[in-house]
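Sequential numbering of the sequence shown, starting at 19, is according to the numbering used here.
Report on one structure; see the data block that follows.
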Amino acid sequence: MDFETIPGVGEKTAAALAELDDAERALTDGDVAALARAPGLTEGRAAAIARGAIRRDHDDPGGFLATDRASEIYRDALGLLQARTVTTYAEKRLETLFPTGSASRIEEVRAFAADATDLDPDPDVLAALSGVEPLADPKPRRVRERCIATADAERYAAAKEAFPELSIEVVEDGRDIAELARSYSTVVVLDESFAGIDVDGDVRVLPDAAERTDEVVPERLLAFFAVNREALSAAAAVHEAAGLSPPCDLAALRDALSRLADDGTVLGDDELERLSNAVDDLDTAVSTAESVANDRLRDVIRERDVTIEGTDFLSLVEQGARVDSLLSRELEDEFDEALSAARDHLVESLSLRPGEADLTERVFPEDPSFPLGHDEEAVGRLRTELKAARDRRAAKLKADLAADLGDLRDPVETLVRDALELDVRLAVSRFARDFDCVFPEFTGAAGNDGAGSFAIEAGRSPLLDVDFADVDPVDYEVSGVTLLSGVNSGGKTSTLDLVGLVVVLAHMGLPVPAESVRLSRFSELHYYAKSQGTLDAGAFESTLRDFAALTDGAADRLVLVDELESITEPGASAKIIAGILEELAEQGAAAVFVSHLAGGIREAADVSVAVDGIEAVGLEDGELVVNRSPVKDHLARSTPELIVEKLAGENETSFYGRLLEKFD
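Written out as C-alpha cells, the structure is:
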C-alpha cells in the first residue's frame, strides 16, 4: 500500500507505518491502537491517519463541518459517545467516526452501528472491560547468559538488529567458540560451516536463527506475555462474560500465564527453584558447614587428653611439625568425622544431587587443620557448575513455555482487539439506549431532486442542560429556505442545535435521538452561531464574504443561522438576510435562519420565504409557556406582545388595549 496517498501522511509517517506488520488491516479497521505502535505516532495522530484513510477509500473530500459551530456540535456528539466508553482505546477509536457526505461511508457505519445497537450493555461485561488495554511491546531486556557468534560481517550486522537482547560475538575458528562456551551457558553459531563442531558446553549451530527467535531468545516472547498479563486476563474475562467465541483456548492461556512471573521468568518448577537457591545460598552454606566441623573439633579437643612420649615429641619438633600433625596423629578419626559432617551439611543445606555433591569433596581440604577452612577455588567451581545448571534449566523452561505461548501470540492480539472493539460497539449501544435513538431515513442527495429537507418527529436534544427525561420533544420539518421566529427563551437556538445534532449524527452513520427522522444527504453543514454584539466594519465585511462563498453552489448544503441580524443595525440586517435567503432559495439549498426580524425579512425578500414560529401560549407565574415544536407558516408572537395581552386582560384601562392593537 502506498501510505502517502492518505491525506496528511508524508514520507516520514509512511515509513513509520511501513514498519507495522498489519498496517493495512489497522487502517481498514480504524485500529488506532495498532497504528499508534508505529514509531513516533501518538494515538491522536493515529486517529487522524485512520480518518484520512477512510476518506481516501470512500472518495470523501472532507469539509462536512464547514463552520466552527458545526464542529462544536460534532465534538459534543462525539463526547456523548466517548462518555459511554470504558477503555481509552474505545474513546480514541470513536474519533474515526465523523460526519460525511459519502453514501458508502454512511452505509458502512450504519451497518456497524445497527449491529452494535443489538448488544446488551451487561454490567459484568463493562466491569471486565475496565482491565483491557491495547497490548504493549516491551523494551528488549539484556540476556547475559547467551550469545550469538558468527565469522561473517554481514551476519554480524543482521544479528545486531535482529537480537538486541544478546551479545553478538565475532569468531574465527573453533577455539574462539570453545572460549565463548566457557563464558556463556549457550552459544548460538550462525555459520553453517561450524556444523558438527565438538566443544564442551551448549553450542548450537542455527543458520536460520532469525526465523527462530522464540527458540533463540524466548525471553522476548515471555516478556510480551508478562507485560500484557492483566490485559490478556481481562480480555479473556470479557469474552466469557459477553459470550463471545475466543480465538484461542482460554484455559491454555491462563495455564501458561500462571507459569510466568512478572519479570518474564518461569514459575512453579521445583528443580529451577532448587538450583537458584543453591547458587544464592552457597556462600552461607559453606560458612555454616565450616562452623559445624570446627565446633565438633573444638569440643573433641577440649575434652580429649593427648599424651605424647618424650621421644615422639622431640622427633616431631625436630621435623618442624605443627599442631596439624598432632591432629593427624592423635585425632585422625575425629577430624574425618568433622570433615564428613561439613560436607554432609553443605550437601543437605543446598539439596545437592549426587553429581553436584561430588564437587564438595574438594571444598574442604582433607589434610587435618584447625580451624577447618575451605578452598575458594573449589567453591568457585561448584558455583560455576550450579549456575550453569540453573541457567540451562531456566533456558529449557523458557523455551518450553515460549513454545506453548508461541501458538497463542497472534490469537491473543485478536482476543484483545475484539474485546476493545466490543467496548466501541457497546458505547454506541449505550448512546442509542440512553437517548432513545432511531436510525434516520435518507431520502437522497440534497439538490438532486429539488431542495434539501429534513423532518424530525419527537426529537429530543441530549445537549440541553437538563435531564434527558425532562426534555420536551420537538417536531420540525423544513424543505428549502425557512425563517424560524419565536419568543425569547422559547427554544429557537435549542431547536437549531437539535437539527444540527441530528444531521451530524445521521451523516456519521449513527442513530439519532428522535422517534423518526427523514432527511436529505448533505455534503456540508454550515452552522453560524449567534454573534456577540454588532460587528465592526471589517468583521462585517468578512462575514458577508463568507456568505457570498456559501451561496455559490449551495444546493447540497444545509445552512443553519442563529440571529444574523446581530451583526449590524436591524434595518440593514433584514435587507441583508433577505438577499442571502434569495440566493440560497435560487440554489435550491436547505436553510433555517432564526430571526426576530422574520416579518421584515419576508417583506424585503423578492422570493417567497417560509416562516415558522415557536409559539408561546401564555405566561404562568411570570414564566413563558411554550409549544416547543415550531408551527409551520406561522409568525410567532413576541414576548412583549404576550405581556401586553396579559395586562390588557387583567386591567380595565384602555392603555393596554391600544398597545395591543399596535401588534396587529
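We put the CB at the ideal spot given by N, CA and C, even for glycine.
In this text the structure is predicted, and so the values were computed from the model without any measurement.
- Between the beta-carbon of Pro480 and that of Pro531 there is about 6 Å, and that keeps the pair under the 8 Å contact cut.
- Gly589 carries a helical assignment under DSSP once its states are collapsed to helix, strand and coil.
- Pairing Phe382 with Asp191, the inter-Cα distance amounts to about 39 Å.
- Straight-line measurement puts the Cα of Arg43 at about 8 Å from the Cα of Asp49.
- Per the coordinates, the alpha-carbon of Phe611 lies some 44 Å from the alpha-carbon of Thr31.
- In this structure, Gly606 keeps its C-beta atom at 8 Å or more from the C-beta atom of Ala445.
- In terms of Cα proximity to Arg435, the closest of Glu37, Ala52, Thr46 is Ala52.
- Under the three-state reduction of DSSP output, Glu183 falls in the coil class, being neither helix nor strand.
- Remark: fewer than three beta-carbon pairs, one from each stretch, lie closer than 8 Å, so the region 107-117 and the region 221-241 are not flagged as touching.
- Residue range 231-234 is occupied by the alpha helix (DSSP H) that includes Thr231, with no beta strand (DSSP E) assigned at that position.
- It is roughly 7 Å from the alpha-carbon of Leu438 to the alpha-carbon of Val150.
- Where Val577 is concerned, the enclosing beta strand (DSSP E) starts and stops at 575-580.
- Counting C-beta atoms within 10 angstroms of its own C-beta, Val397 has 16 or more neighbours from the protein chains shown and is therefore classed as buried.
- Per the coordinates, the alpha-carbon of Leu35 lies some 28 Å from the alpha-carbon of Leu99.
- Between Arg443 and Asp142 the beta-carbon gap is near 16 Å, outside 8 Å, which marks them as no contact.
- Remark: C-beta atoms of Phe21 and Ser541 do not approach each other more closely than 8 Å.
- Assignment of beta-bridge partners to Ile166 by DSSP yields Ile186, Val206.
- With a cutoff of 8 Å on beta-carbon distance, Ala420 and Asp574 are scored as not near each other.
- The region 494-514 makes no contact with the region 90-104, as fewer than three CB pairs between them are under 8 Å.
- A straight-line Cα-Cα distance of about 17 Å links Glu403 and Val205.
- Annotated three-state conformation of His392 is coil, per DSSP.
- As computed with DSSP, Asp630 is found in a beta bridge with Leu502.
- Counting along the chain, Thr60 sits inside no beta strand (DSSP E), nor does DSSP assign it H or E at all.
- Between Pro225 and Leu208 the beta-carbon gap is near 6 Å, inside 8 Å, which marks them as a contact.
- Burial of Phe460 is indicated by the presence of at least 16 other C-beta atoms within 10 angstroms of its C-beta.
- Per DSSP, His614 lies in no beta strand (DSSP E) segment and is marked neither H nor E.
- The Cβ neighbour count for Arg162, taken over all protein chains shown within 10 Å, is under 16; the residue is labelled exposed.
- Per DSSP, the continuous alpha helix (DSSP H) segment holding Val50 begins and ends at 50-53.
- For the pair Ala65 and Thr114, the CB atoms are nearer than the 8 Å cut-off.
- In this structure, the alpha-carbon of Glu237 lies about 11 Å from that of Lys414.
- Only residues of its own chain outside the window of five on either side were considered, and among them Leu368, Val397, Leu400, Arg401, Leu404 have a CB closer than 8 Å to the CB of Leu300, listed in chain order.
- Between Phe242 and Pro156, the C-beta spacing is below 8 Å.
- In the displayed model, Leu537 falls within a strand according to three-state DSSP.
- With fewer than 16 neighbouring CB atoms inside 10 Å of its own CB, Met19 falls in the exposed class.
- Under a 10 Å Cβ-count criterion, Ser560 is classified as exposed, with fewer than 16 other Cβ atoms of the shown protein chains found around its own Cβ.
- Counting along the chain, the unbroken beta strand (DSSP E) around His544 starts and ends at 542-546.
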